[in-house]
Amino acid sequence: STCGAIRREKELELEVVTGRVHGWDGGDTLATLGEVIRMGSVAFLPDHRDRYLILFPTVLVMLSVSPRMSAFIFEGSYPLSSIHVSKLEDNDQHKNAFEISELVIGTAAIKRHQCYQ
Numbered sequence: 078s079t080c081g082a083i084r085r086e087k088e089l090e091l092e093v094v095t096g097r098v099h100g101w102d103g104g105d106t107l108a109t110l111g112e113v114i115r116m117g118s119v120a121f122l123p124d125h126r127d128r129y130l131i132l133f134p135t136v137l138v139m140l141s142v143s144p145r146m147s148a149f150i151f152e153g154s155y156p157l158s159s160i161h162v163s164k165l166e167d168n169d170q171h172k173n174a175f176e177i178s179e180l181v182i183g184t185a186a187i188k189r190h191q192c193y194q
């Protein structure tokens, strides 16, 4: 049911925000970043690596799940002021895809991640 799915999402969100995240050194828990605006699972292209993206008021956090699916692992955080998100056109390889570009001040380097939901 829809209510059951929403409840599972909220329980997962609570687990991520209040639980231990391996590799996170920004405080006891991710709760130090504030309220979760949006959280969802995505697959990064081209090899379809599964990740969780958590949007906080000032930062986007990326997590993976341990091989045994018993813990979350911190993969990176991106201040919202330093990223740009662009929707990609649907095609045979992906639908509902978007690209996250990390702007690096002072250099010409831009990291790009392509992912889809």
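In my numbering, the protein residues as written are 78 to 194.
Every residue, glycine too, gets a C-beta built ideally from N, C-alpha and C.
Every value quoted in this text rests on a predicted model; they were computed, and no experiment measured them.
Asked                                                                                                             : Found
Contiguous beta strand (DSSP E) assignments of at least 3 residues, all confined to the region 104 to 188         : 115 to 121, 126 to 132, 136 to 142, 149 to 156, 160 to 164 and 174 to 180
Buried/exposed call for threonine 135, threshold 16 Cβ in 10 Å                                                    : exposed
Endpoints, the alpha helix (DSSP H) within which arginine 97 is located                                           : Taken as a continuous stretch (DSSP letters only), arginine 97 belongs to no alpha helix (DSSP H), as it is neither H nor E.
Classification of isoleucine 131 by the beta-carbon crowding that lies within 10 angstroms, buried from 16 upward : buried
Cβ neighbour criterion (16 or more within 10 Å) applied to valine 98                                              : buried
Close Cβ partners of alanine 108 (< 7 Å) along its chain, the five nearest in sequence each way excluded          : Val94 and Thr95
Rounded separation between proline 156 and glycine 111 - CA only                                                  : 13 Å
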